[in-house]
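Quick notes on the structure that follows.
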Amino acid sequence: MLTVEGVSLRYGELQVLDAVDLIVAEGELVTVLGPSGSGKSSLLRVISGLAPPDGGTVSWDGRDLRRVPVHERGFGLMFQDFALFPHRDVFDNVAFGLRMQRMDTRRISTRVAEVLELVGLGGMAKRTVTRLSGGEQQRVALARAIAPSPRLLMLDEPLGSLDRALRERLPLQLRDIVRTIGASAIYVTHDQEEALGIADRSIILRDGRVVAEGAPDRLWSQPPSEWVARFLGFRNVTPALVRGGRAATRWGSLPVSAALPEGECRLVLRPTAFVPDPGGAIRGIVSARLFRGDHVRLELSVEGAPPLDVEARWDPLPAPGDMLRLRIETDGIVLLPAAG
């Protein structure tokens, strides 16, 4: 088990990590999510030993790794740019870590064949890496990272340089491969959907601090702060006054769950919770529409209030300029903690 306790890191005057705590259990896949500059990649550098922390400890199964060199930690690291050796073929790239371990030639050949088959590149050992597609290069980098059988696999924005189609297809395949090898894994990304879709648990960093941690479905259903809610993509955040089963908001008086406490608060209105209703409390004009395949995302201009983000799956789909009357389902209204 990996344990990170109170880790801090500075680059000159810049505080990159500030008292970060993280536990990754055996076989667990944890995603580290956050905007650019939040400290995600720096955290991996500290864990791997590439950047000694200014404070705190990194340990594995209770053993402090402070004096353990990078190559003896038993960790695998895959970079966003893959960092492949362009002058070597697929076999030599994947075999690199095994040769560093001084594994004998026969075992290297067997292991390389095993991991190439695992990542879907069987029979491609002699291909030149510069002639591979982006997705194939990504798989070579993954094969190289897992070939030495790491106890912890760290993936730093592994899909960041790939096109959208690959980014949508590969995360689940990556998760399945991690499950197959049985390693613990840390997966760094700035993509919310990618992070929450594959994780056993997620942490969110902001300015070098952990601001949220938990199971993906919990973070999504109950964001712990307004910043986290907005970072996860929820735009409909409003101050409100709850009285008698209704909330007075900038978008009108809305019915709320009886479980919501009365008084001043801040609410999130989920874009999926809006329903067409001739008697609905929300009235606005569609000012923009974005097609998303099985639904459209609408921007609804409401007089005297900020635009509303609405996900429409009804038929017929609204068009820009249409006047809409909507109601919101009470289970689509989320109370944010007071500290948010």
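The numbering used here applies: residue 1 is where the sequence shown begins, and numbers increase by one.
Every residue, glycine too, gets a C-beta built ideally from N, C-alpha and C.
Can you say whether residue i is buried or exposed, counting buried as having 16 or more other CB atoms within 10 angstroms of its CB?
i	result
arginine 144	buried
phenylalanine 85	exposed
valine 20	buried
threonine 249	buried
methionine 78	buried
methionine 100	exposed
glutamate 114	exposed
glutamate 194	buried
proline 278	exposed
serine 257	exposed
glycine 97	buried
serine 184	buried
valine 4	buried
aspartate 156	buried
proline 320	exposed
glutamate 13	exposed
arginine 131	exposed
alanine 356	Only positions 1 to 340 of the chain appear in this structure, which leaves residue 356 out of reach.
alanine 199	buried
alanine 25	exposed
leucine 142	buried
arginine 313	exposed
leucine 152	buried
Going by DSSP, what residue range makes up the alpha helix (DSSP H) through residue i?
i	result
serine 42	40-48
arginine 243	Element bounds for arginine 243: not the alpha helix (DSSP H) but the beta strand (DSSP E), 237-243.
phenylalanine 96	90-100
glycine 193	Going by the sequence as given, residue 193 is glutamate instead of glycine. Run containing glutamate 193: 192-198, per the alpha helix (DSSP H) assignment.
phenylalanine 79	No alpha helix (DSSP H) contains phenylalanine 79, which DSSP labels as neither H nor E.
arginine 230	226-231
Taking residue i as part of the beta strand (DSSP E), name the residues at either end of that continuous run.
i	result
threonine 57	55-60
aspartate 309	308-312
proline 345	With the chain covering only 1 through 340, there is no way to say anything about residue 345.
glutamate 264	263-269
glycine 279	Per DSSP, glycine 279 belongs to no beta strand (DSSP E) and is neither H nor E.
aspartate 18	14-24
methionine 323	323-328
serine 301	296-301
glutamate 5	2-11
threonine 249	246-249
threonine 189	184-189
leucine 335	333-335
threonine 31	29-33
How long is the line joining the alpha carbons of residue i and residue j, rounded to whole angstroms?
i	j	result
valine 260	leucine 335	According to the sequence shown, residue 260 is leucine rather than valine. Their backbone Cα atoms lie some 7 Å apart in a straight line.
glycine 304	leucine 118	57 Å
glycine 293	glutamate 311	12 Å
arginine 266	valine 32	26 Å
leucine 317	arginine 270	19 Å
aspartate 104	alanine 95	11 Å
valine 140	phenylalanine 291	35 Å
isoleucine 47	arginine 246	49 Å
glutamate 226	leucine 50	34 Å
proline 53	serine 8	6 Å
phenylalanine 75	serine 38	23 Å
serine 202	isoleucine 146	22 Å
glycine 55	leucine 2	17 Å
leucine 17	proline 35	14 Å
tyrosine 11	proline 158	24 Å
glutamine 15	aspartate 315	51 Å
arginine 289	serine 41	35 Å
arginine 230	proline 223	9 Å
glycine 340	arginine 243	Because glycine 340 sits at a pLDDT of 43, beneath the cut-off of 50, its placement in the model cannot be relied upon, and the following sentence gives the value as read from the coordinates. Glycine 340 and arginine 243: Cα-Cα distance of roughly 21 Å.
leucine 208	valine 228	The sequence given here has glycine at residue 208, not leucine. Distance between the alpha carbons of glycine 208 and valine 228: 14 Å.
threonine 330	isoleucine 204	27 Å
tryptophan 251	leucine 298	16 Å
serine 342	aspartate 309	Look at the range of the chain in this structure, 1 to 340, and you will see that residue 342 is not part of it.
glutamine 80	serine 133	15 Å
leucine 232	valine 268	12 Å
valine 296	valine 275	14 Å
serine 253	glycine 120	55 Å
alanine 83	glutamine 137	10 Å
arginine 175	serine 287	39 Å
glycine 135	threonine 180	20 Å
proline 307	glutamate 262	26 Å
proline 337	glycine 123	54 Å
Using 8 Å as the limit for Cβ to Cβ distance, is residue i near chain D?
i	result
phenylalanine 91	In summary, chain D is missing from the structure at hand, where a single protein chain is found.
(request) Identify every run of the beta strand (DSSP E) within the stretch 200-224, keeping only runs that are complete inside it and at least 3 residues long; order them along the chain. (result) Listed in chain order, they are 201-206 and 209-214.
(request) Spell out a yes or no on whether the stretch 272-292 and the stretch 323-330 are touching, meaning 3 or more CB-CB pairs, one atom from each, closer than 8 Å. (result) With the cut-off at 8 Å, the stretch 272-292 and the stretch 323-330 touch.
(request) Identify every run of the beta strand (DSSP E) within the stretch 117-174, keeping only runs that are complete inside it and at least 3 residues long; order them along the chain. (result) With a minimum length of 3 residues, the continuous beta strand (DSSP E) runs that stay inside the stretch 117-174 are 152-156.
(request) Could you say if the stretch 122-134 and the stretch 53-63 meet the contact criterion of at least three C-beta pairs nearer than 8 Å? (result) In this structure the stretch 122-134 does not lie against the stretch 53-63, because fewer than three pairs of beta carbons, one per stretch, are closer than 8 Å.
(request) Answer yes if the stretch 208-220 comes into contact with the stretch 181-191, meaning at least three C-beta pairs across the two stretches below 8 Å, and no otherwise. (result) No: the two stretches stay apart, fewer than three of their Cβ pairs being nearer than 8 Å.
(message) With three or more beta-carbon pairs closer than 8 Å as the criterion, would you say the stretch 229-244 touches the stretch 61-72?
(response) Because the criterion of three Cβ pairs below 8 Å is not met, the stretch 229-244 and the stretch 61-72 do not touch.
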